[in-house]
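A.B. asks: Once you've had a glance at the structure underneath, I'll fire off some questions.
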Amino acid sequence: MARYEPKTAEPRQQARWAAADAFRTPTEGTGRPKYYVLEMFPYPSGNIHMGHARNYVMGDVVARSRRAQGFDVLHPMGWDAFGLPAENAAIERGIHPGDWTWSNIAAMRDQLKLLGLSLDWSREFATCDPAYYGKQQAWFLELFRRGLVYRKDSVVNWDPVDNTVLANEQVVDGRGWRSGAVVEKRKLNQWFLRITDYADELIEGLKELEGRWPDKVRLMQENWIGRSKGLQMTWAWAGATPAAAPDGLEIYTTRPDTLFGASFMGLAPDHPVSKALAEASPEVAAFVAECRKGGASQADIEQAEKIGFDTGLKVRHPFTGAEVPVWIANFILSEYGTGAIFGCPAHDQRDFEFASKYGLPILPVVKPEGAGDDFAVQDEAYTGPGSIFRSDFLDGLDIEAAKAEAIRRIEAAGQGRGATIYRLRDWGVSRQRYWGCPIPIIHCPACGAVPADQLPVELPKDVTFDVPGNPLDRHPTWKHVKCPSCHGDATRETDTLDTFVDSSWYFARFADPTAAEPISQAAADKWLPVDQYIGGVEHAVLHLLYARFVSRALSDAGLMSVKEPFAGLFTQGMVVHETYFDGTDEVGRPNWVEPADVRIETIDGRRVATRLSTGAPLSIGDVEKMSKSKKNVVAPQEIVDAYGVDAGRLFVLSDSPPERDVQWTTGGVEGASRFVQRVWAEVDGFDPSVPGDDQANASLVRETHKAVKAVSEGIDGFRFNSAIAKLYAFLATIREHAAAGGAAKREALSALLRLIAPFTPHVAEEGWTRLGEGGMILDAPWPAYDPALAADDEVVLPIQINGKRRGEIRVARGLEPAEVEAIVLADPEVRGRLEGLTVRKVVVVKDRIVNLVAN
RNA sequence: GCGAGCGUGGCGAAACUGGUAGACGCAAGGGACUUAAAAUCCCUCGACUUCGGUCAUGCGGGUUCGAUCCCCGCCGCUCGCACCA
C-alpha cells in the first residue's frame with residue numbers, strides 16, 4: 001500500500017482543475033440558484049501568511065460545499081492595491097510604487113494558488129489598474145453631480161517633515177509615525193462624501209442583518225453612527241449680547257427633562273463666542289490656549305481635569321426667567337451638537353464635577369422612586385430613572401414624558417425644536433498622496449470645481465520620491481489642463497482618494513469586471529448581494545460601513561440596485577503562534593527566533609525550547625498574532641512542502657471555532673496530516689469484491705447517514721471545527737466497521753470523500769479516482785442523508801435518582817414517557833436502588849433522560 | 001467610565017433549544033511491531049477514593065426533578081468606544 005504523497009498529488013489535482021477551467025463562474029441560464037461568497041481582498045504586501053490562508057480556506061469551504069449543493073457559485077479574488085506601503089518602498093528603495101505593487105501581486109498570486117482555492121481567476125483585478133479606478137472616478141463624479149461629494153476646510157494631522165496629511169492611525173503619541181515630527185493641526189481644503197445623509201438608513205439597515213451579521217459588528221456600527229435624540233434650542237441673552245451669537249446661545253441636549261436643573265451654560269473653547277471673547281481678552285485667550293494644551297492623546301483627555309472660565313455673560317432660562325451664567329469649559333466638544341450645552345450638575349456626572357469645583361448650584365429635579373422632595377445628590381450625579389420634581393409643569397412626570405413635554409413647550413414658544421444628531425462625521429476622502437485613485441476634478445479659476453471630461457484620469461508614471469510631499473503636485477505637466485467647461489487654463493485636483501473608497505464597491509465590480517459602466521446592472525442583479533462575506537473584525541466599522549454607504553448612494557444614483565451589499569457576514573479569528581527568544585538586547589528587547597529554528601521537548605513535564613542552529617536554550621514567549629517583527633511567522637510554502645496544503649487547510653480550521661483565534665502548532669498540523677494519510681489508506685485499501693457482513697453493513701449505513709447530517713450541519717452553521725471533529729470520528733467509525741464491505745462500505749467512503757472535499761480537496765479528488773468514481777469530486781453532488789437512518793432505533797436513557805446518575809436503560813426511540821416510566825420502575829436494579837424510598841415524582845424526557853425524585 | 005464578549009482537563013476545545021460534562025485533536029504515559037529508530041497500530045489519560053462512590057465547567061448565591069447553559073452579585077481576561085451633553 002502506497003503512502004499518500006501530497007507533493008505529487010496536489011499539483012496533479014490542481015492541474016486537472018486548471019485544465020477543466022473548473023472554477024470559472026457559470027454564467028448563462030443554468031437554472032440553478034446563485035451563491036456569492038467573498039473574502040475581504042488582500043493588500044498586496046508581498047506575502048501570503050497563514051492568517052490570509054485561514055480566511056480564504058473558510059471561504060473556499062463555503063464555496064465548494066455550496067457548489068456541491070447545487071448552487072452556481074461566484075468566488076472571485078482581487079487586490080486592494082493602492083496605499084502607503086508602496087510609496088514607502090519607493091522612498092526607501094527607489095522602486096516605482098506601481099512596479100513594487102504589481103510584482104507583489106504576482107508573487108502573492110502564486111502563493112495563493114498553492115492553496116488550491118476554488119477561485120475564478122478570470123475575474124481578478126487590482127484597484128490600482130486604471131481599468132478599475134477609472135470606473136470609480138465615473139461614479140465619484142456621478143455622486144458629485146448629485147451633491148454627495150463636496151469640499152470644505154477641515155482640520156487634519158499635518159506632518160511638517162514629510163509634508164503630508166496623516167491618518168489618525170499614523171499619529172503615535174502626537175508624532176508622525178515615520179518622521180517622528182510633532183504633528184500639527186492644519187486646516188486644509190478637503191473632499192468629503194456625505195455619508196451623514198445616510199446615517200438613519202445605515203442604522204435602520206442593520207436591523208435587516210440580524211442573525212446574518214455578528215451582533216457585535218452591528219452594535220459597533222450603531223455606536224459609531226451614534227444617533228441621539230434630543231432638543232436643539234436657543235437661550236436668549238440676558239444683558240450683553242455677543243456679536244458672535246446675536247440671536248442667542250444655541251445648545252443641544254438629550255435631557256430636556258432636566259431643564260429646571262440648569263445652573264450654568266458651557267461653551268467649547270472653539271465655540272465662536274469663546275473665540276470672539278479670546279480675541280478681545282488676553283485672559284480668555286490664555287484660558288483657551290490652556291484648554292488646547294496636551295489634548296492630543298486619548299489618555300490625556302481621560303486624565304484631564306475639568307477646567308472652566310466664567311465669561312461674565314448671562315442667558316435667561318426659558319421657563320423660569322432666571323439668569324444663568326455662561327462659562328467656557330474644556331470638556332465640551334466643539335464638533336458635537338452645537339458646541340454648547342446647558343449644565344445640569346445634579347443629573348450629569350461631568351456637569352457635577354464641574355459645578356462642584358466652581359461652586360455652582362446643584363439642583364436635583366429627578367428623584368428616584370420612593371425619594372422625598374428633600375432628595376439631594378451627594379457624591380455623584382443621579383442619572384437613573386425617577387420622576388420629575390421642582391419643575392413646575394413637569395412635576396410628577398417620568399423622564400420620557402417630561403422630555404416630550406419640555407420639547408413641546410420649547411417648540412410652541414419658537415425657541416427650538418426636537419432634533420436628532422449623530423456622532424458620525426462626513427467621510428474625508430482626500431489624501432495628499434501619489435499612489436491612489438486621482439480625484440477626477442479640474443479646478444478652473446472661472447468655473448470652479450468641474451468634473452474631468454476624460455476618464456480615466458490616470459496617474460502619471462514619471463514621478464520621483466526624492467523630495468517629501470505629493471509628487472502629483474510638483475509634476476511639471478500633469479496637473480495643467482484646460483477647463484472642460486470654458487477651455488481656459490485650469491489645474492487638476494492633485495489629491496487622491498482614500499483607499500477605503502477603492503474597497504467600498506469592488507464586490508459589485510466582480511459581478512462583471514469588464515463592464516463598460518462601473519457596475520453591470522444585469523450581472524449585479526444576478527449576483528448581489530454577497531451571500532457570505534468573510535473577513536477580519538478589524539473592518540467592523542470603517543470598510544463595512546463605507547461599503548454599505550456607497551451601495552446606498554450608488555443605488556440612489558441608479559448605478560446599482562442593492563442597498564445592503566453583504567447579506568451575510570462572518571468575522572474570522574487570527575492565526576497566532578507562540579514566540580521564542582534568545583535573551584534580550586542591551587535595551588531589554590527580546591532577540592526573537594523563528595519557529596523553524598526551534599525544537600520543543602517535554603522534559604519532566606515542562607516544555608523546553610532549544611535553538612536548532614546554535615543549541616542554545618530559548619525562552620518561550622507569549623502566543624501572539626503572527627508578525628515579522630516577532631518572527632513567529634509560518635509561511636504557507638513551508639507547510640505545503642512539509643505536509644501538503646490539505647493538512648494545512650484542515651488544521652487552520654480544526655483546532656478552534658472559526659470566529660476565534662487559532663494557535664498554530666507543529667503537532668496540530670502533523671495530526672491533520674495523519675488524518676489525510678488515514679483517509680487515503682482507508683480508500684486505497686478498499687476491496688469492492690468483499691461483500692461484508694450484513695450486520696456491519698447495516699450499522700455502517702446508519703453511521704454514514706449520521707455523519708453526513710452532522711458534517712453538513714457543521715459546515716452550514718460555520719462550526720468548521722466541530723464538522724472536522726465529526727469527520728475524524730466518522731473515519732474512526734469506518735475503520736471500526738472492519739467487517740463491513742460491498743456497497744455499504746463504498747457508500748461510506750464516497751460520503752467521507754465528498755464531506756472532506758471542501759476542506760481537503762486534493763486528497764478527496766485522489767480518493768475519488770481511486771474509488772473508481774467517474775469525473776471529478778468537484779462535480780459530485782453533496783451527499784444526502786435520510787433522517788430516519790441518521791438516528792438510531794434504540795436510545796440509551798440515563799436514569800437519575802434525585803438528580804444523580806444511577807444507571808441507564810436501552811429503549812426503543814420515540815417510546816412514550818408513560819411506557820418508559822413503567823419499564824424503569826419495574827427494573828430490578830432501579831428497584832434495588834429505591835429500597836426504602838418512596839418515589840415522589842418521575843420526570844421522563846422523551847429520548848433523553850429519566851429522573852426519579854424519591855425520599 | 002460606557003458597551004460587548006469570554007472564563008470547562010497539562011493544552012486547543014466539544015456539549016446546537018436546561019437533560020449522561022470533557023466529543024475530536026495536541027501533549028504525556030504504557031504496550032505491540034522492529035536488531036534499532038522512524039512510521040504505524042493498541043491501551044491509559046479531570047481530581048480524590050475506604051473502589052460503594054464523592055467532588056468537578058472562575059467565585060458566591062438563586063430558580064429547577066435536573067444548570068456549562070437561565071437569573072442576581074462578585075473576580076479575572078479580551079475587544080470596541082471613550083468628556084458625544
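With UniProt numbering, letter number 644 in the first sequence gets 644, and the count goes up by one each step, no holes. We treat Cβ as the ideally placed atom computed from N, Cα and C, and that holds for glycine. None of the values given here were measured: they were computed from a predicted structure.
Please return the same chain residues whose Cβ sits closer than 6 Å to the Cβ of V550, not counting the five positions on each side in sequence.
C.D. replies: Indexing the first sequence from 1 puts residue 550 at position 550. Same-chain partners within the cutoff: S504 and W505.
A.B. asks: Start and end of the beta strand (DSSP E) containing E250?
C.D. replies: Working through the first sequence from its first residue, we reach residue 250 at position 250. Start and end: L249 to T253.
A.B. asks: Run the CB neighbour count on A9, radius 10 Å, all protein chains shown included, and call it buried at 16 or more, exposed below.
C.D. replies: Here residue 9 corresponds to residue number 9 of the first sequence, with the count starting at 1. The residue is buried, with at least 16 neighbouring Cβ atoms inside 10 Å.
A.B. asks: I need the boundaries of the beta strand (DSSP E) containing N330, first residue and last residue.
C.D. replies: The residue labelled residue 330 in the question sits at position 330 within the first sequence. Taken as a continuous stretch (DSSP letters only), N330 belongs to no beta strand (DSSP E), as it is neither H nor E.
A.B. asks: Could you check how far apart the C-beta atoms of I534 and Y580 are, in whole angstroms? I think they sit under 8 Å.
C.D. replies: The residue given as residue 534 occupies position 534 in the first sequence. The residue given as residue 580 occupies position 580 in the first sequence. The Cβ separation is near 31 Å, so there is no contact.
A.B. asks: Please report the straight-line C-alpha distance between T491 and H480, rounded to a whole angstrom.
C.D. replies: Here the question's residue 491 lines up with position 491 in the first sequence. Here the question's residue 480 lines up with position 480 in the first sequence. T491 and H480: Cα-Cα distance of roughly 5 Å.
A.B. asks: According to DSSP, simplified to helix, strand and coil, what is residue 905?
C.D. replies: Outside the displayed range of the chain (1 to 855) lies residue 905, so it cannot be described from this structure.
A.B. asks: Can you tell me which of the three DSSP states G372 falls into?
C.D. replies: Translated into the one-based positions of the first sequence, residue 372 becomes position 372. Coil at G372, not helix or strand.
A.B. asks: Taking buried to mean at least 16 other C-beta atoms within 10 Å of its own C-beta, is G59 buried or exposed?
C.D. replies: Counted from its first residue, the first sequence places residue 59 at position 59. It counts as buried.
A.B. asks: Since W235 contacts I251 with CB under 8 Å, what's their CB separation in whole angstroms?
C.D. replies: Stepping through the first sequence from its first residue, residue 235 is reached at position 235. Stepping through the first sequence from its first residue, residue 251 is reached at position 251. So it is a contact: roughly 7 Å between Cβ atoms.
A.B. asks: Is it true that the CB of H347 sits closer than 8 Å to the CB of T320?
C.D. replies: Numbered from 1 along the first sequence, position 320 holds the residue referred to as residue 320. Numbered from 1 along the first sequence, position 347 holds the residue referred to as residue 347. No, Cβ-Cβ distance for T320 and H347 is not below 8 Å.
A.B. asks: For residue 859, which residues from the same chain have a beta carbon less than 6 Å from its beta carbon, with the 5 sequence-adjacent residues on both sides left out?
C.D. replies: Because the chain here runs from 1 to 855, residue 859 falls outside it and cannot be looked at.
A.B. asks: In whole angstroms, what is the alpha-carbon distance linking L188 and F510?
C.D. replies: Start at 1 with the first residue of the first sequence, and residue 188 comes out as number 188. Start at 1 with the first residue of the first sequence, and residue 510 comes out as number 510. Approximately 35 Å between the Cα atoms of the pair.
A.B. asks: Could you give the DSSP three-state label for F319: helix, strand or coil?
C.D. replies: Position 319 of the first sequence, counted from the first residue, corresponds to residue 319. Residue state, collapsed to three classes: coil.
A.B. asks: Spatial neighbours of A744 within its chain, please: C-beta separation below 7 Å, excluding the five flanking residues on both sides.
C.D. replies: For the purposes of this step, residue 744 is taken as residue 744 along the first sequence, with counting starting at 1. Here the set comprises G692, N697, L700 and V701.
A.B. asks: Identify, in the order they occur along the chain, each residue of the same chain with its Cβ nearer than 7 Å to the Cβ of G436, setting aside the five sequence neighbours on each side.
C.D. replies: Here residue 436 corresponds to residue number 436 of the first sequence, with the count starting at 1. Same-chain partners within the cutoff: F82, T496, L497 and T499.
A.B. asks: Starting from residue 902, follow its DSSP beta bridges and name the residues at the other end.
C.D. replies: The first residue shown for the chain is 1 and the last is 855, placing residue 902 beyond what the model contains.
A.B. asks: If I'm right that R833 touches R806 with Cβ under 8 Å, what's the distance once you round it to whole angstroms?
C.D. replies: Working through the first sequence from its first residue, we reach residue 833 at position 833. Working through the first sequence from its first residue, we reach residue 806 at position 806. Right, their Cβ atoms sit about 5 Å apart.
A.B. asks: Buried or exposed for K229, going by 16 or more other Cβ atoms inside 10 Å?
C.D. replies: Stepping through the first sequence from its first residue, residue 229 is reached at position 229. K229 comes out exposed.
A.B. asks: Give every residue of the same chain whose Cβ lies closer than 7 Å to the Cβ of P26, excluding the five residues on either side of it in the sequence, and list them in chain order.
C.D. replies: Counting from one through the first sequence, the residue named residue 26 turns up at place 26. The residues are D72.
A.B. asks: In terms of residue numbering, what span does the beta strand (DSSP E) encompassing S619 cover?
C.D. replies: Along the first sequence, one-based indexing puts residue 619 at 619. Looking at the DSSP string, the run of the beta strand (DSSP E) that includes S619 is P617 to K625.
A.B. asks: Among the residues of its own chain, which have a CB less than 7 Å from the CB of G337, if the five just before and after it don't count?
C.D. replies: The residue labelled residue 337 in the question sits at position 337 within the first sequence. Y252 and I421.
A.B. asks: By Cβ distance, which residues of its chain are closer than 7 Å to residue 872, with the 5 residues on each side in sequence left out?
C.D. replies: Since the first and last residues shown for the chain are 1 and 855, residue 872 lies out of range.
A.B. asks: Helix, strand or coil: how does DSSP classify G414 here?
C.D. replies: Here residue 414 is taken as the residue at index 414 of the first sequence, counted from 1. Reduced to three states, the DSSP call for G414 is coil.
A.B. asks: Note down the Cα distance separating L618 from K628, rounded to an integer number of angstroms.
C.D. replies: Translated into the one-based positions of the first sequence, residue 618 becomes position 618. Translated into the one-based positions of the first sequence, residue 628 becomes position 628. Going from the Cα of L618 to the Cα of K628 covers about 19 Å.
A.B. asks: Drop a sphere of 10 angstroms on the beta-carbon of G448, count the other beta-carbons inside from all chains shown, and report buried for 16 or more, exposed for fewer.
C.D. replies: Looking up residue 448 in the first sequence gives position 448. It is exposed - the Cβ of G448 has fewer than 16 other Cβ atoms within 10 Å.
A.B. asks: Along the chain, which unbroken stretches of the beta strand (DSSP E) at least 3 residues long are found entirely within the UniProt domain "Aminoacyl-tRNA synthetase class Ia" (424-578)?
C.D. replies: Entirely contained in the UniProt domain "Aminoacyl-tRNA synthetase class Ia" (424-578), the beta strand (DSSP E) runs reaching 3 residues are, in chain order, 441-444, 448-451, 480-482, 489-492, 532-536 and 569-572.
A.B. asks: Over the uninterrupted alpha helix (DSSP H) stretch that includes F287, give me the two end residues.
C.D. replies: The count along the first sequence starts at 1 and reaches residue 287 at position 287. First-last of the alpha helix (DSSP H) with F287: P282 to R292.
A.B. asks: What is the rounded straight-line gap between the Cα of S334 and the Cα of D270?
C.D. replies: Translated into positions along the first sequence, residue 334 becomes position 334. Translated into positions along the first sequence, residue 270 becomes position 270. Going from the Cα of S334 to the Cα of D270 covers about 6 Å.
A.B. asks: Name the residue from L544, E819 and I823 whose alpha carbon lies nearest to the alpha carbon of L209.
C.D. replies: Residue mapping note: residue 209 aligns to position 209 of the first sequence, counting from 1. For L209, the nearest C-alpha among the options comes from L544.
A.B. asks: Is Y150 buried or exposed, if buried means 16 or more other CB atoms sit within 10 Å of its CB?
C.D. replies: In the first sequence, residue 150 corresponds to position 150, counting from 1. Per the 10 Å Cβ criterion, exposed.
A.B. asks: Below 8 Å on the Cβ atoms is my guess for L74 versus K34; work out the distance and round it to an integer in Å.
C.D. replies: Here residue 74 refers to the residue found at position 74 when the first sequence is read from its first residue. Here residue 34 refers to the residue found at position 34 when the first sequence is read from its first residue. Sure, about 7 Å apart at Cβ, within 8 Å.
A.B. asks: Kindly give me the distance between the Cβ atoms of W213 and V541, rounded to whole angstroms, as I take these residues to be in contact under 8 Å.
C.D. replies: Taking the first residue of the first sequence as position 1, residue 213 is located at position 213. Taking the first residue of the first sequence as position 1, residue 541 is located at position 541. Rounded, the Cβ-Cβ distance is 13 Å, inconsistent with contact.
A.B. asks: Can you tell me where the alpha helix (DSSP H) holding S750 begins and where it ends?
C.D. replies: Here residue 750 refers to the residue found at position 750 of the first sequence. Where S750 is concerned, the enclosing alpha helix (DSSP H) stretches over G742 to I756.
A.B. asks: If distances are taken between C-alpha atoms only, which option among P460, K314 and E586 comes closest to W478?
C.D. replies: The residue labelled residue 478 in the question sits at position 478 within the first sequence. Closest by alpha carbon: P460.
A.B. asks: Under a Cβ-count criterion, where at least 16 other Cβ atoms within 10 Å of its own Cβ denotes burial, should R32 be classed as buried or exposed?
C.D. replies: Sequence index remark: in the first sequence, residue 32 carries index 32 (1-based). With fewer than 16 other Cβ atoms within 10 Å, it is exposed.
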